[in-house]
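*Asks:* Quick one: the structure is below, and I'll ask about it shortly.
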Amino acid sequence: MSVRWTEEQQQAISARGGHILVSAAAGSGKTAVLVERLTQRLIDPEDKLSADRILVATFTNAAAREMKTRVIEVMDQRIKEAPDDLYLKKQRQLMNRAQITTIHSFCLSILRENYYRIGLDPAFRIADESELLLLQDDVLEAVFESFYASEDPGFYDLIDSYTSDRDDQAMLSLISNLYRFSRSLPDPEAFYAHLINQYDQPIDPDESPLMQRLVELEWETLSNLLGRYRELAFELEQSGYTEMGQMMRQDIAPFGVLETSVRQWSMVALAFQAVEFGRWKSPRGDEGIKPFQTERTRLVAEFKKMKELFVQKTGVDYLEDLRSQLRHVETIVTLVRQFANDYLEAKQQRGIVDFSDLEHFALEILTEEGQPSDVAKLLKERFVEVLVDEYQDTNEVQERIIQLVSKTDEATGNLFMVGDVKQSIYKFRHAEPGLFLEKFKRFQQTDVGTRIDLTKNFRSRLEVLDGTNQIFRQVMDETVGEIDYDEAAHLRLGNLSYLESEQVDPELLLIDPLDSEKEEVEARAIATRILELVDSKHPHLIYDAKSNRFRTCEYRDIVVLARSRGKRVQALVEVLEQYEIPVYADTTGGYFQATEIQIMMALLKTIDNPLQDIPFASLLRSPIFGVADRDLGRIRAKQKEGSFYEAALAMATEESALGIRIDEIIRQIQAWRTEARGSALPAFIRSLFDQTGYFEYVGCLAGGRSRQANLNALYERAKQYETSGYRGLYRFLRLINRLIERGEDFAEARSLGEDEDVVRIMTIHQSKGLEFPVTIVSQLTKQFNKQDQMQAIQLHKTYGIALDAIDPIRRLRSGTLLKEVIRREMDREMKAEEMRVLYVAMTRAKEKLILVGTVKDLEDQMVAWQMTPLDEVLLPENDRRQAKSYAEWVVPAVLRSSLLRPDETNWSIRMMSLEELAPYQEISTLVEQLEHVQKLEKIDVPVNTHVKEIVESAFSYQYPHLLATETAAKQTVTELKRAEQLERAAFETTYRQTTYYRTPQFLGPVLSGAERGTVLHLAMQLYKPDTAISEQIDQWETMERITPIEATTMREATPQLQEFLDSEIGQLFSERLRTNHVYRELPFTYKIGASRFRKDWTGPVDDAVMQGIVDCLIQDGESYILLDYKSDQIVTTEVGQTPADVLRERYATQLNLYQEALEAILHIRISRKVIYAFALGETIDLV
8 MSVRWTEEQQ QAISARGGHI LVSAAAGSGK TAVLVERLTQ RLIDPEDKLS
58 ADRILVATFT NAAAREMKTR VIEVMDQRIK EAPDDLYLKK QRQLMNRAQI
108 TTIHSFCLSI LRENYYRIGL DPAFRIADES ELLLLQDDVL EAVFESFYAS
158 EDPGFYDLID SYTSDRDDQA MLSLISNLYR FSRSLPDPEA FYAHLINQYD
208 QPIDPDESPL MQRLVELEWE TLSNLLGRYR ELAFELEQSG YTEMGQMMRQ
258 DIAPFGVLET SVRQWSMVAL AFQAVEFGRW KSPRGDEGIK PFQTERTRLV
308 AEFKKMKELF VQKTGVDYLE DLRSQLRHVE TIVTLVRQFA NDYLEAKQQR
358 GIVDFSDLEH FALEILTEEG QPSDVAKLLK ERFVEVLVDE YQDTNEVQER
408 IIQLVSKTDE ATGNLFMVGD VKQSIYKFRH AEPGLFLEKF KRFQQTDVGT
458 RIDLTKNFRS RLEVLDGTNQ IFRQVMDETV GEIDYDEAAH LRLGNLSYLE
508 SEQVDPELLL IDPLDSEKEE VEARAIATRI LELVDSKHPH LIYDAKSNRF
558 RTCEYRDIVV LARSRGKRVQ ALVEVLEQYE IPVYADTTGG YFQATEIQIM
608 MALLKTIDNP LQDIPFASLL RSPIFGVADR DLGRIRAKQK EGSFYEAALA
658 MATEESALGI RIDEIIRQIQ AWRTEARGSA LPAFIRSLFD QTGYFEYVGC
708 LAGGRSRQAN LNALYERAKQ YETSGYRGLY RFLRLINRLI ERGEDFAEAR
758 SLGEDEDVVR IMTIHQSKGL EFPVTIVSQL TKQFNKQDQM QAIQLHKTYG
808 IALDAIDPIR RLRSGTLLKE VIRREMDREM KAEEMRVLYV AMTRAKEKLI
858 LVGTVKDLED QMVAWQMTPL DEVLLPENDR RQAKSYAEWV VPAVLRSSLL
908 RPDETNWSIR MMSLEELAPY QEISTLVEQL EHVQKLEKID VPVNTHVKEI
958 VESAFSYQYP HLLATETAAK QTVTELKRAE QLERAAFETT YRQTTYYRTP
1008 QFLGPVLSGA ERGTVLHLAM QLYKPDTAIS EQIDQWETME RITPIEATTM
1058 REATPQLQEF LDSEIGQLFS ERLRTNHVYR ELPFTYKIGA SRFRKDWTGP
1108 VDDAVMQGIV DCLIQDGESY ILLDYKSDQI VTTEVGQTPA DVLRERYATQ
1158 LNLYQEALEA ILHIRISRKV IYAFALGETI DLV
């Protein structure tokens, strides 16, 4: 039966002549179109395209194999139908030589045929990743050692400035990352030069490209801020506060010139300098204006924060800071160049290459003095068509190679590129979606190339497509998502068979975790939804295309997608297992956390070096030796100094049962150490499995097959390690430590196949290219990863490398303009990438799409999301830019979707409560087991009454000091105070009704009372005398010692802070600070009798440990003053009682315990105990 191609698909199959870009949306039949295009070109005699004159470049071996196999299958079928067709038979033979392969394999073929042109050893091999990792470490350490030995002042200055006192690991990592980054570019040497040139900026700020880019980035924020400020002014005027609204308009008048002219650094700086915010005059007693005042205060704070960038230093000063870092950048470039050269030489000595070498060596063969070489010209002539799959994931090196082997003229060229930029999710592998985007725009606007859009989706139901379109038309545009999600980008229904079934709306499932763990609550919500889908009474129905009928949903139909691995995925696996839901976690992490691997690693580490306490102790208490915890305590008590192994040696000399057992263990370890030195590592590991019996032991545990598979994987990795040329246990352990440090992992060995009836869990990246009847997208509220933006040294392809500015006198670091530009650009790129990742996740669903997230204070948050304006289809740009999770895009878009396009499918929004979560299955399982036990027949046997008495006595024994088991050995002062107050509180409970109001959206985040108190403590901890508290708050925020919300809270509390500093105790506090006689945030640990805070204490030992932190201890002559800050809002409940009385009573126990502990520990005398109440502005002395 012939396939009915759409008009666009047929165009992609038949188009000839000129470069062609096919933008193939998710589920649009891209692979089928590619196979058909290839097949038609190869089997049509009139096309005269020989199979060995075509290059198909894919990005995975599996994709290359699939494409080649499908083309061959079509050819074989045609030959059966026309056995006398000699042309077909010839083409079929030539398929063995057809270059349908990965880019790396294509590069490898170029090297094999032309190795002599670049002096490459013809016997080279592609090295294993582990071998390369060890070699990189060896070479990098050697480079650093040579620089240390040379006593290069520039190198030492760099190390002193940008590494910790402990080690130079930060700089080692930087050089390694910089090297890897440069290898994704066609000319690493040019990139190194660019790093240096970036610091050579013009003296005039207005002529600096870097400063102009920063102005553009700042203007994006400033223009949004001005818009919000004007909207607030308009609302004031509409509410009758005309004078205040006009004042606000006057506030920002200096910015008007920036909206109508070319913006330059000097102009923006002048505008900020000219801005003066008018004094707010609220009508007396008018409560209605307060929300406006609060919002204006918040906006003014944002203006002032932006102002700091433009006025704290001149543009000339900023550029001078940049030039002052040039010497450090030059040293870094020298280091990475040296490493690159030495690493290349080391690989050549070993006769190995890596995947990056394949590309760069091929590029070297294909170019000669910047122009195509003779080899490139031959390949240009050879290939009639060059087809690139997944073009959106190409990097710049690969793009250059493709251009060198294809025809240059785009109008008459032979390059066929297919992909979907909305699915470019490999930025971490240096994929460059900009290459696709540039042609995507240019081919539409000019005749130099052809652009074909495949928008019909043959994978999913209309409801899935509508739901996806509804979200992305509101969140994705060129400004935020790097591409407009316009009508041309919309997914359109291609599979009409779904129309015959009932509507299945996409679903947004949200749940408030309240005080529970978010990960567990989300996992239970997912488990509950899965059980509902497969419920035998009311199952979800799945359309089976093969049988053309509906069937009940099975576990195998369901996938749960996660943004990343980690504890959330682990929690989900554990919860599903507790619900007895079969699960296959297709994640490549967790191997080193598996218990059986941790025990084997402890064994290997002990054999390598038994003086390591943790591995040795872990080995002793493992099932291999089974030493009890109490015996471990006896070993340490035997010799308290030195390593645990030395203590074990001492214990081994005892003529006790434990001493004899430890002696046997030590002898066994010594025997293994001897064996390790004379054996190949893989054989030694297998020998350990046999000698310890541990392999058979784990096979008897739950999940035994998987555990044994993990141990076998360790054995196989050891074999792979030794084939790389490295030897020995020490280096093997070093390799594993490096893998763990870099966050890499062996894939956890799984014995459960994917075809089993199980729910699959995988990352979104792993799901790309796959499809599932039911797709559950989890982690909707997981915050985006901004780790790269927080690095001390940042790297960017366009803007180079950014360092902090170092004040050599005060040894202080500060951010720089270049770092701010790179941080902003990285954030823009990250948000675009996350948007594409979400698109990939949602488009995996065939029939049912469910998005799941946990939202704290869900009802209030939903009200805030519902307030998103509807004046444009796109969500407000600032909201999209500042989003911290998928939920901040998805939920507002879902809430608005039915209003914007009521003709489309509506999302089903379910706000699940904790009560709706399905109960765990383990209870029913236990009941079932109990019923089996109760059904066992009673057997009459003679009873030994003496034994019976002993057993009954043992099981009925009750510990005489039960209270001791309920009391922690370590108590905080707060816990001690609470214990003292329990009895009184039981009879004096006061109930007070509290009314809660939803915080308006424009007020932003609000701190709780406890959090506000913590911020006030932090201010007093950071405060230094002789500088205004307001100036210090600005400095702390600039230096990132406090967060923006903490800074806002401190500014609001400035009057209270200043009132304290002006008080008698505050002046003494400042005076003693100048002479270093104040101790702030002083922690202590103190032993105290448990009976003092538990009157019914009957334990055998009257000991507990008290922990606390003293806010402030001030030396006053020969004695000390104990100062404690309180921010409590006091409500008196008794006639004549003052707030100060309440505080004295509430905290007397705490401060008395503090005094006792400090006097005992420090041998000092505390002559005065003081509470300073910020809410009262009052100093309260305690007797």
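Position one of the sequence shown corresponds to residue 8 (this note's numbering), numbered consecutively onward.
Glycine is no exception: its CB is placed at the ideal position from the N, C-alpha and C atoms.
All values derive from a computational prediction rather than experimental measurement.
1. Confirm, please, whether the CB-CB distance from M837 to G488 is below 9 Å.
2. Identify, in the order they occur along the chain, each residue of the same chain with its Cβ nearer than 7 Å to the Cβ of I549, setting aside the five sequence neighbours on each side.
3. Based on DSSP bridge pairs, tell me the residues matched to V566.
4. Kindly give me the distance between the Cβ atoms of R499 and K463, rounded to whole angstroms, as I take these residues to be in contact under 8 Å.
5. Determine whether the beta carbon atoms of R429 and A495 lie at a separation below 9 Å.
6. Which same chain residues, not among the five before or five after R738, have their C-beta less than 7 Å away from its C-beta?
7. Please state the DSSP three-state secondary structure of N184.
8. Taking F599 as the reference, which of I642, L639 and E748 has the closest Cα?
9. Can you name the residues that DSSP bridges to S1126?
10. As a quick exercise: from I1137, E1059, G822 and E1038, pick the residue whose alpha carbon is nearest that of Y1225.
11. So the beta strand (DSSP E) Q106 belongs to, where does it begin and stop?
12. Taking a contact to mean a Cβ-Cβ separation below 9 Å, would you say V784 touches L858 in this structure?
13. Measure the CB-CB distance between M255 and Y236 and report whether it falls below 9 Å.
14. What residues in its chain sit with their C-beta under 6 Å from that of E1044, if we drop five residues either side in the sequence?
15. So, for I692: in the same chain, excluding its five sequence neighbours on each side, which residues have a beta-carbon less than 7 Å away from its beta-carbon?
16. Is it true that the segment 98-108 meets the segment 128-145, where meeting means three or more beta-carbon pairs spaced less than 8 Å apart?
17. Pull the bridge partners of F423 from the DSSP assignment, please.
18. Could you have a look at E352 and say whether DSSP puts it in helix, strand or coil?
19. Report, in whole angstroms, the separation of the C-beta atoms of V343 and Y155, which I expect to be a contact under 8 Å.
20. Of the choices E661, T1082, E417 and L1130, whose alpha-carbon is the least far from that of V1177?
21. From what residue to what residue does the alpha helix (DSSP H) around R835 run?
22. Buried or exposed for S504, please, with buried defined as at least 16 other CB atoms from any protein chain shown within 10 angstroms of its CB.
23. Do T681 and the ligand FAD come close, with the Cβ less than 8 Å from some heavy atom?
24. Report yes if the C-beta distance between M1057 and L1023 is below 9 Å; otherwise report no.
25. Straight-line CA distance for P1007 to Q794?
26. Go ahead and label S1215 buried or exposed: buried means 16 or more other beta carbons lie within 10 angstroms of its beta carbon, across all protein chains shown.
27. Quick check on L498 - is its C-beta less than 9 Å from some C-beta in chain D?
28. Please state if the CB of R643 and the CB of A654 are separated by a distance shorter than 9 Å.
29. Beta-carbon within less than 6 Å of E439's beta-carbon, same chain only, minus the 5 sequence neighbours each way: which residues are those?
30. Relative to the C-alpha of V81, which candidate in A690, L810 and D51 has its C-alpha closest?
31. My guess is that Y1161 and V1117 are in contact by the Cβ rule of under 8 Å, so how many angstroms apart are they, rounded?
32. Starting from E514, trace the beta strand (DSSP E) both ways and give me its first and last residue.
33. Starting from Q452, trace the beta strand (DSSP E) in both directions and tell me its first and last residue.
34. Taking 9 Å as the threshold (C-beta atoms), are S1077 and I1128 in contact?
35. Specify, as a first and last residue, the run of the alpha helix (DSSP H) that F198 falls within.
36. What did DSSP end up calling F66 once you bin it into helix, strand or coil?
*Replies:* Per the coordinate set shown:
1. Contact flag unset, no.
2. Same-chain partners within the cutoff: F557, R558, C560, D564, P780 and E854.
3. For V566, which the question treats as bridged, DSSP gives the partners R767 and T782.
4. Yes, they are in contact, since the Cβ atoms of R499 and K463 sit about 5 Å apart, within 8 Å.
5. For the record, residue 429 in the displayed sequence is Lys; it is not Arg. No, Cβ-Cβ distance for K429 and A495 is not below 9 Å.
6. Short of 7 Å from the beta carbon of R738, and not among the five residues preceding or following it, lie these beta carbons of its own chain, in chain order: L141.
7. Here N184 sits in helix by DSSP.
8. For F599, the nearest C-alpha among the options comes from E748.
9. D1123, per the DSSP bridge assignment.
10. This structure gives no information on residue 1225, because the portion of the chain shown stretches from 8 to 1190.
11. Unbroken beta strand (DSSP E) run through Q106: Q106 to T109.
12. Cβ atoms of V784 and L858: closer than 9 Å.
13. Cβ atoms of M255 and Y236: closer than 9 Å.
14. Only A1054 meet the Cβ criterion.
15. The answer, listed in chain order, is L721, Y722 and A725.
16. The segment 98-108 makes no contact with the segment 128-145; the number of CB pairs closer than 8 Å stays below 3.
17. As a beta-bridge residue in DSSP terms, F423 pairs with I27 and L394.
18. In this structure, E352 counts as helix in the three-state DSSP scheme.
19. Between Y155 and V343 the Cβ distance is about 17 Å, and since that is not below 8 Å, they are no contact.
20. Of E661, T1082, E417 and L1130, the residue nearest in Cα terms is L1130.
21. From DSSP, the alpha helix (DSSP H) with R835 extends over L824 to M849.
22. Burial call: exposed.
23. Within the structure as shown, the ligand FAD is missing, as the structure has no ligands at all.
24. Their beta carbons are under 9 Å apart, which means M1057 touches L1023 by this criterion.
25. In this predicted model, P1007 has a pLDDT of only 37, less than 50, meaning its place in the structure is not dependable; the value taken from the coordinates is given anyway. So the alpha carbons of these two residues sit roughly 31 Å apart.
26. The shown model of the chain, from 8 to 1190, leaves out residue 1215, and the question about it has no answer.
27. The structure shown contains no chain D; it holds only a single protein chain.
28. With a cutoff of 9 Å on beta-carbon distance, A654 and R643 are scored as near each other.
29. Within the same chain, E439 has close Cβ partners N402 and E403.
30. Measuring from the Cα of V81, the nearest candidate turns out to be D51.
31. Between V1117 and Y1161 the Cβ distance is about 6 Å, and since that is below 8 Å, they are a contact.
32. Segment E514 to I518, the beta strand (DSSP E) holding E514.
33. Where Q452 is concerned, there is no enclosing beta strand (DSSP E), although the alpha helix (DSSP H) it sits in stretches over P440 to Q452.
34. The answer is no: Cβ separation not under 9 Å.
35. Note, F198: alpha helix (DSSP H), P195 to N204.
36. F66: coil per DSSP, three-state reduction.
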